[in-house]
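Below: one structure, written as structure tokens.
In the numbering used here, the protein residues as written are 1172 to 1288.
Structure, rendered in structure tokens:
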């Protein structure tokens, strides 16, 4: 696996399907940009740096959107052989009953999905 490369991705859950005023949309866009910068600086960049220090080729991205959809698209675009995700559900019983990003990925992807939690 010496030729393996990791893609570190942090997806900030976001749905475009909500009704908001123009002012709320402007504020939402500002918050979205702040969240992306914060996640890149605090999570993704340190993870990529730690991997590089360990001799692992890695790159990182932060995205907004549906977690399962974004990871599915990125996996296909980058020819991923495996997706490993952390479980961060706060949804309780209803989330476990009706699904999560990990469940959605495992059901629809043709590559292995590992959920750590």
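Beta carbons are placed, not taken as given, at the ideal position from N, Cα and C, and that holds for glycine. Source: prediction; values computed, not measured.
Coarse secondary structure for residue i, derived from DSSP in three states
| i | result |
| --- | --- |
| residue 1180 | strand |
| residue 1226 | coil |
| residue 1214 | helix |
| residue 1277 | helix |
Cβ neighbours of residue i in the same chain (closer than 7 Å, five flanking residues each side left out)
| i | result |
| --- | --- |
| residue 1255 | 1285 and 1287 |
| residue 1218 | 1179 and 1231 |
| residue 1273 | 1256, 1258, 1284 and 1286 |
Neighbourhood of residue i by C-beta, 6 Å cutoff - its chain only, sequence neighbours within 5 removed
| i | result |
| --- | --- |
| residue 1249 | 1178 |
| residue 1275 | 1239 |
Beta-carbon spacing of residue i, residue j below 9 Å
| i | j | result |
| --- | --- | --- |
| residue 1234 | residue 1222 | no |
Range of the contiguous beta strand (DSSP E) that encloses residue i
| i | result |
| --- | --- |
| residue 1246 | Here residue 1246 belongs to no beta strand (DSSP E); instead the alpha helix (DSSP H) covers 1238–1249. |
Which listed residue (the options) has its alpha carbon closest to that of residue i
| i | options | result |
| --- | --- | --- |
| residue 1252 | 1281, 1196 and 1184 | 1281 |
| residue 1237 | 1212, 1194, 1216 and 1271 | 1271 |
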